[in-house]
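Only one structure is covered here, and it is reproduced in the block below.
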Ligand SMILES: NC(=O)c1ccc[n+]([C@@H]2O[C@H](COP(=O)([O-])OP(=O)(O)OC[C@H]3O[C@@H](n4cnc5c(N)ncnc54)[C@H](O)[C@@H]3O)[C@@H](O)[C@H]2O)c1
Ligand SMILES: NC(=O)c1ccc[n+]([C@@H]2O[C@H](COP(=O)([O-])OP(=O)(O)OC[C@H]3O[C@@H](n4cnc5c(N)ncnc54)[C@H](O)[C@@H]3O)[C@@H](O)[C@H]2O)c1
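Chains as they are written, first to last, in UniProt numbering: chain A, 1 to 326; chain B, 1 to 326.
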């Protein structure tokens, strides 16, 4: 079986590929379990640090149609589409965001439609599709009202995936992800970048800036659970997806203050003291438009998982950092 | 002031142009009332039957970018974008629907963005964006879950219009319209075509087929109210649009059986007896996925109007048919 992963060199992409290699087999759209023979890992930057004959690395701009025909072919059973321009960048460069987050997704779906094999297509949406007046706990029936271009592009992609699945062009599943923490490495241009930064930087002995109020409620998931859920989302039989293809993931609802308290518990006062609270109105506007809690009833009924507490999220990050390169 | 109307030769387009000519002036995005000097009426078929020096008729495919530059220019203050492929046709021809209902809308928005004058942009969405498990009365917070490609395309356009407005590229307003009845002329390829047909054909002495159960609840608006609301939606100051640019219109919630009873009251038993109930599963599937009732709280707070009862809708149709050509 051939699996294509876009955004393969990214935070989730790299972890997903490691997990797929470890599993060794996956279920195709006909429900048959097949050994994973090829993983086509595509990104603008080359995937490094994975040495396995099953992985073919290629690079390019996914929004350039020339790459698609080579990447996705008649032997492709599944696509994990993770390539994206992050929220902060999509807000600054509208055309880039639309081209990568929407047009490239559409081109991928069109390519799969043309091939006609109804491949599995798993992608990651975001809580940034929500906004406006929101209840304290967002239900699956909550309307989408994005307050950013990134959120708009994710919602556009969700609608397309749903219709391409309904028409039988692909077997799509869009997992609407919480903010994934703790992300290793450097800060990125996502508006949510600080959510990892306030844990990661202090643990690395560096200062961190928190641009939002400590009372801000975030909706989080650890990278471990995110990968579990991506694989689960792929494996679920289409017949179980009775309430649609776009699924609000379960998560952990927590205030920034409680995240800091957790860091203090695990790493001590000196580490927690490395966080400075300096409000940034541009980031606050975007982050405050995202819900901090979801019922995620549909996802729970389908068996998607969530983290039990933030202490274990930090502990997993510390353990991960000592074994996996960022 | 120059106003562009796409879909100008259509049911609503033609009526809107007549209403604009009669009004003589409209409010621009700066809030200034200006005389209507030009109406650029665009459609694939030529607009006929309106003889007024202010109206310039041109024809072409809106999805062909060549037309846009001529049609929409630096002098354009407002666009009423009504051109669309109807639901039944968009379901049969996926590519055509995407091209006209989504790509052409996007191209229009892009053209206005490039011109940079933040023109008013009014378009018509549809209750076909809703589907799946729905409460008896749909609230403004209800998630969109289209069960047709037409509904998907309308939702895609709604998301774009909202983000283009948020970014200040245009001053957009999308009115989510009920099914408009009674439509004169011939049946069309909308799944809702029967809703007009079961009134129009019997009144014209012809047999009509109703493809859905008489207990089916429909969400309706008369063409008179639709035009009032299109003009009201244009005139509303942007500052009042506190809960967004996509607005579920108020309407009339009525069963097919009550529509027939109304026809019987007004035109007699013999006329009502011309309706045969012959279920069509393809149409039933689409129509039953649409909600039959909405709270439309936001729209009501903004002053949008609805019909008080179905008898007056039928009477208005009879009066209209005797004065206006279809
Ligand atoms: N990490 C989160 O908190 C989070 C939350 C919700 C949704 N998501 C979504 O999950 C997916 C993966 O997230 P991540 O955290 O791994 O992001 P990431 O930024 O680490 O990885 C994305 C990858 O996409 C690649 N990419 C960007 N543009 C490309 C293009 N034009 N062609 C090819 N590759 C391109 C980047 O080089 C990068 O390696 C994204 O779609 C993201 O929007 C992430
Ligand atoms: N009538 C309804 O019940 C209803 C309900 C909800 C929404 N709407 C929407 O309101 C708008 C107007 O509806 P209507 O009932 O007047 O429809 P209509 O079919 O009578 O008019 C649409 C017009 O668009 C034109 N058109 C189609 N493709 C075109 C293209 N590629 N380029 C240029 N013109 C093109 C058609 O020739 C037609 O004259 C549409 O967007 C429709 O989706 C209508």
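From the three backbone atoms N, C-alpha and C, an ideal C-beta is built for every residue, glycine too.
Reduced DSSP category for residue i - H, G, I as helix; E, B as strand; rest coil
{"i": "residue 36 of chain B", "result": "coil"}
{"i": "residue 87 of chain A", "result": "helix"}
{"i": "residue 188 of chain B", "result": "coil"}
{"i": "residue 7 of chain A", "result": "coil"}
{"i": "residue 78 of chain B", "result": "strand"}
{"i": "residue 326 of chain A", "result": "In this predicted model, residue 326 of chain A has a pLDDT of only 43, less than 50, meaning its place in the structure is not dependable enough to derive any value."}
{"i": "residue 275 of chain A", "result": "strand"}
{"i": "residue 147 of chain A", "result": "coil"}
{"i": "residue 171 of chain B", "result": "strand"}
{"i": "residue 14 of chain A", "result": "helix"}
{"i": "residue 245 of chain B", "result": "coil"}
{"i": "residue 56 of chain A", "result": "strand"}
{"i": "residue 158 of chain B", "result": "helix"}
{"i": "residue 142 of chain A", "result": "strand"}
{"i": "residue 112 of chain A", "result": "helix"}
{"i": "residue 105 of chain A", "result": "helix"}
{"i": "residue 121 of chain A", "result": "strand"}
{"i": "residue 47 of chain A", "result": "coil"}
{"i": "residue 217 of chain B", "result": "strand"}
{"i": "residue 1 of chain A", "result": "coil"}
{"i": "residue 130 of chain A", "result": "coil"}
{"i": "residue 30 of chain B", "result": "coil"}
{"i": "residue 176 of chain A", "result": "strand"}
Any non-hydrogen atom of ligand 2 within 6 Å of residue i CB
{"i": "residue 180 of chain B", "result": "yes"}
{"i": "residue 193 of chain B", "result": "no"}
{"i": "residue 119 of chain B", "result": "no"}
{"i": "residue 321 of chain B", "result": "no"}
Selection from the options that minimises the alpha carbon distance to residue i
{"i": "residue 62 of chain A", "options": "A:84, A:278, A:73", "result": "A:84"}
{"i": "residue 248 of chain A", "options": "A:280, A:278, A:175", "result": "A:175"}
{"i": "residue 57 of chain A", "options": "A:65, A:69, A:66, A:42", "result": "A:42"}
{"i": "residue 285 of chain B", "options": "B:192, B:66, B:225, B:113", "result": "B:192"}
{"i": "residue 33 of chain A", "options": "A:256, A:236, A:300, A:310", "result": "A:236"}
{"i": "residue 294 of chain A", "options": "A:272, A:154, A:219, A:239", "result": "A:219"}
{"i": "residue 273 of chain B", "options": "B:230, B:301, B:208", "result": "B:208"}
{"i": "residue 258 of chain A", "options": "A:159, A:98, A:221, A:216", "result": "A:216"}
{"i": "residue 48 of chain A", "options": "A:96, A:107, A:288, A:13", "result": "A:13"}
{"i": "residue 1 of chain A", "options": "A:89, A:120, A:16", "result": "A:120"}
{"i": "residue 40 of chain A", "options": "A:25, A:23, A:7, A:66", "result": "A:7"}
{"i": "residue 305 of chain A", "options": "A:277, A:269, A:270, A:229", "result": "A:229"}
{"i": "residue 197 of chain B", "options": "B:275, B:142, B:134, B:242", "result": "B:275"}
{"i": "residue 106 of chain A", "options": "A:50, A:96, A:157, A:3", "result": "A:157"}
{"i": "residue 142 of chain A", "options": "B:134, B:147, B:266", "result": "B:134"}
{"i": "residue 232 of chain A", "options": "A:82, A:5, A:20", "result": "A:20"}
{"i": "residue 269 of chain A", "options": "A:82, A:81, A:199", "result": "A:199"}
Distance cut-off 6 Å: residue i Cβ against heavy atoms of ligand 1
{"i": "residue 10 of chain A", "result": "yes"}
{"i": "residue 62 of chain A", "result": "yes"}
{"i": "residue 126 of chain A", "result": "yes"}
{"i": "residue 168 of chain B", "result": "no"}
{"i": "residue 79 of chain A", "result": "no"}
{"i": "residue 203 of chain A", "result": "no"}
{"i": "residue 221 of chain B", "result": "no"}
{"i": "residue 269 of chain A", "result": "no"}
{"i": "residue 307 of chain A", "result": "no"}
{"i": "residue 208 of chain B", "result": "no"}
{"i": "residue 43 of chain A", "result": "yes"}
CB contact below 7 Å: residue i versus chain B
{"i": "residue 240 of chain A", "result": "no"}
{"i": "residue 155 of chain A", "result": "yes"}
{"i": "residue 159 of chain A", "result": "yes"}
{"i": "residue 76 of chain A", "result": "no"}
{"i": "residue 152 of chain A", "result": "yes"}
Below-7 Å beta-carbon distance, residue i vs any chain A residue
{"i": "residue 143 of chain B", "result": "yes"}
{"i": "residue 149 of chain B", "result": "yes"}
{"i": "residue 163 of chain B", "result": "yes"}
{"i": "residue 290 of chain B", "result": "no"}
{"i": "residue 13 of chain B", "result": "no"}
{"i": "residue 6 of chain B", "result": "no"}
Per-residue contacts from residue i into chain E (C-beta, under 9 Å)
{"i": "residue 132 of chain A", "result": "Of the protein chains in this structure, namely A and B, none is chain E."}
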